[in-house]
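Presented below is the structure to which this report refers.
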Ligand SMILES: Nc1ncnc2c1ncn2[C@@H]1O[C@H](COP(=O)(O)OP(=O)(O)O)[C@@H](O)[C@H]1O
Ligand SMILES: [Mg+2]
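Residue numbers (my numbering): 15 to 292.
Here it is, written out as structure tokens:
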């Protein structure tokens, strides 16, 4: 099974967080003219934007555009080739407990040994097995997180028996255990039908309002998010564009971003981007 998908990112190798420089306190994450090079290829360049506390941003774009890489930049797992990044007032560093991360996810079909509460508990213990917390407060914290995502009744269920939507809820509960101020969700809606996707979006929207946590949510389909998202970050063709959904998802802006003709069709209150891979 894919442990990377269910274990939170944690590392003892944290970089020395210099506290020099003072950026606007209201900005939760800030990128200035960032370029990313991976495997000798320029993945993104000129990436500049800032994210405010409590804001929900959908990250869109075709496969390979650099969406996951953006999350890894904020997590300190990938270093930019140029430009500067600040997250929660400091340079990105690995193992930052103030960031909750749900990695791009494969369905855990075969895992019978782990119960739902074990998976959520990784949010407290990281990669170490066995209780690191006094067991009573540990179990109470796990119960609270399970309740917050509406999955308390699943606590004892083997993870492999649960649906994609249920598993996604548990991974979100896991990410909440460290009381993050920034939540990074990589394609939490893939493998979900429309109704289930809407439920997960409502859950995340409720959490960010309740906790005033900023959310970056990577998705291929912006439609389930349109009712609640503040802005979209559209990545394509080595560049990105940030703005309100209708400022970004339109024919002019996307044709310019992709460098080829793109149509945006609106039907039944849903947006469809036509002419390119999305
Ligand atoms: N560690 C790596 N080494 C080399 N290339 C990479 C690495 N990680 C990702 N890439 C490449 O960088 C590009 C962006 O990847 P990714 O951020 O995963 O895209 P997305 O999440 O938008 O599908 C892809 O072309 C991918 O193949
Ligand atoms: Mg990805």
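Ideal Cβ positions, reconstructed from N, Cα and C, are used throughout, including at glycine. From a predicted model like this one, the values you see are computed outputs, not experimental measurements.
- Under the three-state reduction of DSSP, residue 182 is assigned to helix.
- DSSP assignment within the region 29-88 yields the following whole beta strand (DSSP E) runs of 3 residues or more, N-terminal first: 41-52, 55-66, 70-74.
- DSSP places residue 98 within a strand segment (E or B) once states are collapsed to three.
- Measuring C-alpha to C-alpha distances from residue 65 to each of 258, 209, 185, 291 identifies 258 as the nearest.
- If you check the C-beta of residue 55 against ligand 1, you find a heavy atom less than 8 Å away.
- With fewer than 16 neighbouring CB atoms inside 10 Å of its own CB, residue 207 falls in the exposed class.
- The closest heavy atom of ligand 1 lies 8 Å or more from the beta carbon of residue 90.
- DSSP lists 249 as the beta-bridge partner residues of residue 254.
- The DSSP-derived three-state label of residue 244 is coil.
- The beta carbons of residue 196 and residue 88 sit closer together than 9 Å.
- Exposure of residue 126 is indicated by the presence of fewer than 16 other C-beta atoms within 10 angstroms of its C-beta.
- With respect to the 9 Å criterion, residue 165 and residue 183 are classified as neighbours on the basis of their beta carbons.
- Here residue 235 carries a coil assignment [DSSP, helix/strand/coil].
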